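In the UniProt record's numbering, the protein residues as written are 1 to 213.
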């Protein structure tokens with residue numbers, strides 16, 4: 001069965017495409033947020049070797065991939081570990097539309113005890129319940145961008161994830177601009193959410209001063 005894989009450039013009309021599709025739909029790390037993850041056709045975010053096993057299987061075992069807005073950078077492919085069935089037909093497009101209808105449940109259930117170790121696999125799953133419609137997320141380059149691939153987004157969330165350049169630190173400054181844009185959105189967007197790492201924030205920590213003003 002074919003799968004539709006969304007890359008990085010085409011956010012317009014993707015919501016309609018996902019709803020009408022009978023195929024499973026996936027994104028890359030950079031394309032995260034380009035599809036409504038609450039729809040039944042959404043499989044997950046694919047980033048090569050580090051992808052959740054259910055999502056990897058959904059893409060790597062199919063006989064056809066329709067790739068929309070592909071950008072095969074090192075970060076966006078999990079350091080070039082993207083794997084497709086060698087016999088699969090790959091259609092690489094910049095724009096496409098179709099009608100559809102299949103149910104997928106790609107995300108595992110998270111069952112943890114109070115005494116369990118706090119690991120990243122817990123963090124990215126738990127983050128799904130924290131996010132709300134109206135959130136605008138800035139994802140830092142690197143671990144944050146890859147980890148968010150395993151976070152299921154609710155409807156009505158916008159996310160920006162940059163995996164073209166290793167420009168760590170950009171996210172903290174960018175979230176200041178997001179906060180201002182939210183004020184000017186007329187109530188459409190509610191809250192800026194910064195997902196970054198301890199190393200990255202060292203580079204642009206001064207942006208916190210602007211947030212506190």
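Backbone N, C-alpha and C define an ideal beta-carbon position, used for all residues, glycine too.
Treat the numbers as computed from the prediction; the structure is a model and nothing was measured.
- Here residue 48 is not near residue 140, since their CB atoms are 9 angstroms or more apart.
- Close CB contacts of residue 158 within its chain, under the 8 angstroms cut and outside five residues either way in sequence, are with 33, 135, 136, 137, 189 (chain order).
- Taken through DSSP and simplified to helix, strand or coil, residue 24 comes out as strand.
- For a cut-off of 8 angstroms, the C-beta gap from residue 44 to residue 146 is around 13 angstroms, too long to register as a contact.
- The C-beta separation of residue 150 from residue 52 comes to about 6 angstroms, placing the pair in contact by the 8 angstroms criterion.
- Counting along the chain, the unbroken alpha helix (DSSP H) around residue 203 starts and ends at 198-203.
- Looking at the backbone, the Cα of residue 67 and that of residue 93 are separated by about 6 angstroms.
- Counting only residues of its own chain and dropping the five nearest sequence neighbours on each side, residue 128 has a CB closer than 6 angstroms to the CB of 151, 152.
- Under the three-state reduction of DSSP, residue 91 is assigned to strand.
- Here the alpha carbon of residue 89 sits roughly 17 angstroms from the alpha carbon of residue 69.
- By the criterion of a C-beta distance shorter than 6 angstroms, residue 160 is surrounded in its chain by 138, once the five residues flanking it on both sides are discounted.
- Taking the CA atoms as reference points, residue 123 sits about 24 angstroms from residue 164.
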